[in-house]
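In our numbering, the protein residues as written are 827 to 1222.
Okay, structure coming up:
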């Protein structure tokens, strides 16, 4: 719309003409929104609120009297409040580039003052402290012109040809060099150790490789030797088997010959010995039988002779009782008992003779016995009813 003006986000619109601004300012300040401005009757200007930069290069003398060339960079801008915009607009609206020039000059003066109160060691080692003191001393002046400083950076400090900073840094350089040399030596040692470890690893790998190759070579040699010996070993095994078969055949032939000898010599000899033994046993049995038959014939003849002589024996025994003083008890029964006792004595005598003959025959020969069949001394021997010889009797 015609007459309606809007400032940029990083600008402040200053409207002059008509009513005065805040605090009697010759213009009104508009930021962040638009404003209707009557043409011809009102005039508008714009003041930048963006960041500006100022560079300071200054030769300063330290507390020790040593000249230092100091280079610093200041970052600043117009303040966001209305008062700062009014102050900056009244001073820099027509020539806004003067803000950097004036800011550089202000900081150069404060920088010289602060460095003059410090030593080179403090300046070199405490740059942040230097920047903070410069900011603190310049803050009030910058606020008066409507500017605020965002940062101050000391870019470089140089003593020219005096060599003070180099001398001051020499111990540190020497220590650093020494540390660098130590680090280099340690790195070299580590490198050498690494190389030695690598060499040992390579030697170990080569040793293991050689061992494996030797084992493979030995295995190949053994296989070749076994292959070379396979033929002779097989032939030797075959000859050994042939010898074993021949030995077994010889053993079997020996066994067969032994069996033939047994069948041709031993068995006939055993059979002949058995035949002779059987013949001997048969002959012995025959002779025994003949002897027994002869003995039996003699006993039969003796028995027959004894039987034939028994009545005579009884008669002689009875004749012996003829003159004897015999008391016969129990009448006829007692007399029968006496007769029976006489017969029993005769039979007893017969049995004794037979036993005597049998004992002589059993000792290995035919007994030729001459038995006198005469009984003496019985004519006067008293006999009791039981056939025993009474006490006090005697044989004549």
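We put the CB at the ideal spot given by N, CA and C, even for glycine.
Counting C-beta neighbours from all protein chains within 10 Å, is the total for residue i 16 or more, i.e. buried, or is it exposed?
| i | result |
| --- | --- |
| residue 1023 | exposed |
| residue 988 | exposed |
| residue 914 | buried |
| residue 1099 | exposed |
| residue 903 | buried |
| residue 905 | buried |
| residue 911 | buried |
| residue 867 | exposed |
| residue 833 | buried |
| residue 862 | exposed |
| residue 972 | buried |
| residue 1035 | exposed |
| residue 856 | buried |
| residue 1048 | exposed |
| residue 1214 | In this prediction, residue 1214 scores a pLDDT of 46, lower than 50, which makes its location untrustworthy; no coordinate-derived value is stated. |
| residue 1016 | exposed |
| residue 854 | buried |
| residue 1037 | exposed |
| residue 1095 | exposed |
| residue 835 | exposed |
Name the two residues that bound the continuous alpha helix (DSSP H) containing residue i.
| i | result |
| --- | --- |
| residue 960 | 953 to 970 |
| residue 936 | 924 to 942 |
| residue 841 | No alpha helix (DSSP H) contains residue 841, which is instead part of the beta strand (DSSP E) from 837 to 842. |
| residue 899 | Residue 899 -> not in any alpha helix (DSSP H); beta strand (DSSP E) instead, spanning 893 to 904. |
| residue 1091 | It is not in any alpha helix (DSSP H) - residue 1091 carries neither H nor E in the DSSP assignment. |
Less than 8 Å separating the beta-carbons of residue i and residue j?
| i | j | result |
| --- | --- | --- |
| residue 889 | residue 963 | no |
| residue 909 | residue 874 | no |
| residue 808 | residue 896 | The displayed coordinates of the chain run from 827 to 1222. Any statement about residue 808 would go beyond what the structure contains. |
| residue 925 | residue 872 | no |
| residue 985 | residue 892 | yes |
| residue 957 | residue 882 | no |
| residue 978 | residue 950 | no |
| residue 967 | residue 932 | yes |
| residue 894 | residue 980 | no |
| residue 887 | residue 942 | yes |
| residue 860 | residue 830 | yes |
| residue 994 | residue 947 | yes |
With DSSP run on the structure shown, which of helix, strand or coil describes residue i?
| i | result |
| --- | --- |
| residue 871 | strand |
| residue 981 | strand |
| residue 920 | coil |
| residue 855 | strand |
| residue 907 | coil |
| residue 1109 | helix |
| residue 1104 | helix |
| residue 1134 | helix |
| residue 1046 | helix |
| residue 976 | strand |
| residue 831 | strand |
| residue 1174 | helix |
| residue 1057 | helix |
State the start and end residues of the unbroken beta strand (DSSP E) segment that holds residue i.
| i | result |
| --- | --- |
| residue 863 | No beta strand (DSSP E) holds residue 863; DSSP gives it neither H nor E. |
| residue 879 | 878 to 887 |
Let me check you understand the geometry: is the CB of residue i closer than 7 Å to at least one non-hydrogen atom of the ligand PLP?
| i | result |
| --- | --- |
| residue 1034 | Looking for the ligand PLP in the displayed structure turns up nothing, as the structure carries no ligands at all. |
For residue i and chain C, any beta-carbon pair shorter than 8 Å?
| i | result |
| --- | --- |
| residue 1118 | This model lacks chain C altogether; it includes just one protein chain. |
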